[in-house]
Amino acid sequence: MYQYDDYDRRIIIERAQQFRGQVARRLSGEITEEEFKPLRLQNGLYMQLHAYMLRVAIPYGLLSSKQVRKLAHIARTYDKGYAHLTTRQNIQYNWPRLANVPVILDELASVEMHAVQTSGNCVRNITSDHFAGIARDEIEDPRPYCEILRQWSTFHPEFAHLPRKFKIAVTAAPGEDRAAVRFHDIGLRMVENAQGERGFEVLVGGGLGRTPVIAEVVRDFLPKRHMLSYIESILRVYNLAGRRDNKHKARIKILVTALGVEEFRRRVEEDWEKSRTPALELPDAEVARVSAFFAPPPYENIAADPDRLISLGLGRDRDLGNWVKNNVFPHKVPGYSAVVISVKKPGIPPGDVSDTQLDAIADIADRFSFGHTVVTHTQNLVLPDVKTSELPRLHAELRALDLGEANVGKLTDVITCPGLDYCDLANARSIPLSLEIAERFDRIDYLNDVGDVSIKISGCINACGHHHVGNIGILGIDKRGEEFYQLMLGGSPGNDASIGKILGRALAQNEIVDAVEKVLGRYLEIRDSIDERFLDTVRRVGFDPFKEAVYGSADPLEAAGGD
Amino acid sequence: MPAANHWIVTGNFTDDGAVAWRRADGTWSRAIAEAGLLADEASAKAIAARAVAAEQREICDPYGIEVFAEGTTIDPLTARQRIRANGPTTPIRRPDSGISR
Amino acid sequence: MQIIRDRKIVEDDFIHVADGAELPESGKPIVTLARFLKERATLLPRYPAVGVRIASDKLPSDVPDLAKLALIAVEFPKFTDGRGYSTGRMLRDRHGFTGELRAVGWVLRDQLFYLERCGFNAFEMKPGKPLESGLEAFKEFTVTYQAAVDDPRPFYRRR
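Protein chains in written order, with this note's numbering: chain A, 1 to 563; chain B, 1001 to 1101; chain C, 2001 to 2159.
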C-alpha cells in the first residue's frame, strides 16, 4: 500500500499542529462555536447528540495491520472501546473529548492517517471498489488513481469552500460496480477506447440525499493524464455556479439537472480549454511511482483448484460451508480468495468493532492476508489475499471473535446509519431496526433461501444508510416528534443502478420489521424460480403484490406470520 | 403523551460534547432533572440568546425545548430529546464514561 | 485601518467609498463595481490608483479595464461562500491581473492560507480579530500538493 514520503508526512503533521491551535483558540474563547464549527468540520469533528464524533479518513478503505492496531489503541484510550465503520469506508469514534482530538490526530499521523476533509463542504474521502487490486474483472488497479486524487484534494486551496460536500468514487471493474460510482458527485469508471488506450468515463451529478439522482456521463473517454485538470474544471464550474442560497439544493446534482447535462458539459469543456496547462498533465512517472506501492504482495505459486471452494462449501461443517458460500469471493490469483468479514451480528450495532476485535483482526491480517484489511461501504471488512487452503482455519479464528457470521450480501447484512441514537441530523433511530432484523431473521436456511437482498436503513433524508439504493430501503421520518419509517423497494447501487420507490404510507417502529417480513414472504411465494433474486422479482411484478402483502390486511399482526 | 407545561434550556458542553441542561441558578448540569423550569418560549429564547453571547466558551448552541414537568421529574416530549436526556437506546461497549483522561 | 498586505501588517492607503457617498478629493478610492461601470471614464484619470470591489457572484469577465485597476477587492459575505477563491485564481492565472487582490468581508485567520494560494495578497480581517494571529496562519503549512497561483507546478512536478 501507499507509504508516505517526507512530503506527505509533513502535511499531515502540520495539519495536526494547526488543529491543535484551532482547538486551543476555541477552548480559550478566542473563537466562538460559530467560528470553530467550519474549522472542526473540515477536520471530521462533529457535535452529535451526546458527544463529539471524530471521523477518520481511510483512503479507498485500505488499512495496514499497524494502522488497525492504532485504531484499536485510540478506541481503548480515548473512546469507549469501540469504533464504527461508516458507509464511506471510513471509521468513526463516537465519544472523544475536544481536548483529546489533537492528541488523537498525532496518534493517527504516526501511522500515516488523518481526519482531513472527512466532513465539511469540500472534497471528501475518495472511495473505490473494496476488491480493488484483486478483482478478476478489473482493467487495472484503481487505487493509484485514488491515491493521486487523495493528495490532489488534500487542502486544495480553491475548493475548500464548495457549495456543499463533494464525493468522488473510482472503479476499474467494468463488469460489476462495487463502488456505486453512479451515486457520487463524480464517478470515474476506467474504460478502454477503440485504440486500446485506458482512460475514464466521467460521470457527474449522482447522489442520494433528499433528491436521489443517477449520475450522467459528462465525458465518454478522458485520457488518464488529464484526470486532475478535468476534475478541476468540473469543480470550478460547480464552485462558481452551484447554489448557495439553500443547502438542500446545493449539491452538484442540482446544478447538472438545472443546466442540463449538455450545458454543464459545455461549461466544463470551455473552462478546461482555458485552464489546462502541460504542467497539470499527470506524468507517467508519477503514476508509476504511486503504482509501485500497490504492487502485488509475494503470492505463492499455487495450482488453480476450482473444486476446492466447492468442496469447502459443501463439506460436513455447515457453518464453514455457509460462510465459504456467502463470504468468500474470487481472487485474480489462483489459490487465493477474498474474504469479507461480516461485522453484522445479532445484538451488536452494525459496523461497531471493539478494540480487542480490531487488535485480533490486525493479527489475523498479518498471518492470513499480507497485513492488509479493507473497509467496505457496506460496513464490513475485507481480508483481500487469503490462501484458499487456509479458509477453514481462518473461519475458526473469526468465529471465536464473534466475526464469523455467514451473511454477506444477505438479508441481515444491513447497512445502517447511526440514526437518532447518535446523530444530530437524524429523525428516527436506525440501529434498533437493524438489530431487530438481525434477531428476527437469524436463521441461516432462511437467509440462504431468500438469497441476495440488501436492506439499507437511513435515519433521515440525508441518506447515509443509502436507503434509496437498497433492494429494500427504510427511511426514518419524524411525525410530530415521534419516529416513523417509510418502506422503499427496488433500489440498486451498481451497474443496473435504480432508485427505490416508496411502497405506501409510513409505518410505526413496531410495524416496520413485520412489513419487511411480509414483503419477503410474498417474494418467496411469487418468485419464478429460486434463481430469481428479490430485486428481479420486484422489477418483474411491480409493487402491487407487495403493497397488498403489507397494507392489504387491516390488522398487521394477523398477517405477520406470512412465510 | 402529556402536554407541554414548561420550557427548559439545553445545549452541549464544549469540553466533551455531553448534553447540558441549564439550572435555575445559571449553571449547567448533566442531568435533565436539574434543569430550571421556565414559563414560556420567550423566556427560554431570551436565556438561550444570552448564553450564546456570554457562555459560548462553556456551552455550544444553547436553545429552548418544551417539556412536561411534574414533581421532581422532567420529561422531554420528542424522541430526539428523550434520547438526548437518556443516552443511546442501543448497546455500547462501555456505557460508563469509560474514557481514560 | 490596518490590513495584512504581503504578509505584513500595514496601514490601509485605500479608501472604501460607498455608492451614494462623495468621492474623496485625492487618494486611492475603492468603489463598487456598479459605480465603476458608470463612472470609470472620469474615475480612472482622476486618481493615481483606483480599486473596484466586487460581490462574490461576479466573475473577472464582469470587470472592464482590468489592466488599469490597482486593486480588486473580492467580497466574502460568509466563511462558507467560496466563490472568491475561484475568482482570485482566474484573475491571476487567466486574466493576468497583477494589482493588489484583496479579500474583504468574512475573512478569518484560517482562510488566509487558501486565499494566498489563490492569488490574494491583501486581507481585511473581520472586525475584532487580531491581525498578528493572521500572520501566523501563513506559516502553518510548509508544503502543498496542488498547482495554484503561488506555484503552477502540482506536487508531482515538485517532489
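The C-beta atom is built at its ideal place from N, Cα and C for all residues, glycine as well.
Measuring CB to CB, does A:R88 end up less than 7 angstroms from A:I126?
-> no
Which of helix, strand or coil does DSSP assign to A:D137?
-> coil
Would you mind telling me which residues of chain B sit closer than 9 angstroms to A:P349, beta carbon to beta carbon, in chain order?
-> P1088, T1090, P1091, I1092
In angstroms, rounded to a whole number, what distance separates the CA positions of B:A1046 and B:G1026?
-> 13 angstroms
Per DSSP, which one or two residues make a beta bridge with A:L222?
-> A:F200
Short-range partners of chain B found in the region 474-488 of chain A, where Cβ spacing is below 7 angstroms | G481, E482, E483
For C:P2060 and C:T2087, believed in contact at Cβ under 8 angstroms, the rounded distance | 6 angstroms
For A:D366, name the three-state secondary structure that DSSP assigns.
-> helix
How is the alpha helix (DSSP H) around B:T1073 delimited, first residue to last?
-> Element bounds for B:T1073: not the alpha helix (DSSP H) but the beta strand (DSSP E), 1073-1076.
B:G1026 touches chain A at which residues, Cβ-Cβ below 8 angstroms?
-> What B:G1026 touches in chain A: nothing, since even the nearest Cβ is about 18 angstroms away.
Apart from the five residues on each side of it in sequence, which residues of its chain come closer than 7 angstroms, Cβ to Cβ, to A:I348?
-> none
Quick one: grab the DSSP three-state call for A:T376.
-> coil
Is C:M2001 closer than 7 angstroms to C:D2012 when the C-beta atoms are compared?
-> yes
Give me the Cβ distance between A:V256 and A:E216, rounded to the nearest whole Å; I'm assuming they're in contact under 8 angstroms.
-> 6 angstroms
How long is the line joining the alpha carbons of A:A304 and A:G419, rounded to whole angstroms?
-> 45 angstroms
What does A:H372 touch in chain B if you count any residue whose Cβ is under 9 angstroms from its own?
-> What A:H372 touches in chain B: nothing, since even the nearest Cβ is about 25 angstroms away.
Measure the beta-carbon distance from A:R429 to A:G476 and round it to whole angstroms, keeping in mind my assumption that it falls under 8 angstroms.
-> 7 angstroms
Between A:K344 and A:A438, which are expected to be in contact by the criterion C-beta below 8 angstroms, what is the C-beta distance as a whole number of angstroms?
-> 7 angstroms
Consider the Cβ of C:D2062: report whether some Cβ of chain A lies at a distance smaller than 7 angstroms.
-> no
Looking at the structure shown, is C:L2037 part of a helix, part of a strand, or coil, going by DSSP?
-> helix
Can you give the beta carbon distance from A:R210 to A:I461, rounded, assuming they're within the 8 angstroms contact cut?
-> 5 angstroms
Of all Cβ atoms in chain A, is any one closer than 7 angstroms to the Cβ of B:A1079?
-> yes
What is the DSSP secondary structure of A:M1, counted as helix, strand or coil?
-> coil
On the three-state DSSP scale, how would you describe C:R2042?
-> The sequence given here places Thr at residue 2042 of chain C; Arg does not occur at that position. C:T2042: helix per DSSP, three-state reduction.
Cutoff 7 angstroms; reference A:L557; Cβ partners in own chain excluding five residues on either side | Annotation note: pLDDT 45 at A:L557 (below 50); position unreliable, coordinate value reported separately. Within the same chain, A:L557 has no close Cβ partners at all.
Would you mind listing the alpha helix (DSSP H) stretches within the region 241-329 of chain A that are 4+ residues and don't spill past its ends, in chain order?
-> 252-259, 261-275, 284-292, 306-314, 318-327
If we ignore side chains and look at the alpha-carbon of each, how far apart do A:H331 and A:H130 end up?
-> 12 angstroms
Check A:P384 in the structure and name its three-state DSSP category.
-> strand
Is it true that the CB of A:H468 sits closer than 7 angstroms to the CB of A:P283?
-> no
Are the beta-carbon atoms of B:P1062 and B:V1009 separated by less than 7 angstroms?
-> yes
Taking C-alpha atoms, which residue in A:T376, A:L435, A:D442 lies nearest to A:A406?
-> A:D442
Could you pull out every unbroken alpha helix (DSSP H) segment of at least 4 residues lying fully inside the region 456-485 of chain A, listed in chain order?
-> none
Applying the criterion that 16 or more other CB atoms from any shown protein chain within 10 Å of the CB defines a buried residue, is A:Q3 buried or exposed?
-> exposed
Whole-angstrom C-beta distance between A:Q195 and A:Q122, which should lie under 8 angstroms | The residue asked about is misnamed: residue 122 of chain A is Cys in this sequence, not Gln. A:C122 to A:Q195, Cβ: 36 angstroms. No contact.
Could one say the Cβ of A:A115 lies closer than 7 angstroms to chain C's Cβ atoms, at least one of them?
-> no
Do the CB positions of A:P157 and C:R2117 come within less than 7 angstroms of each other?
-> yes
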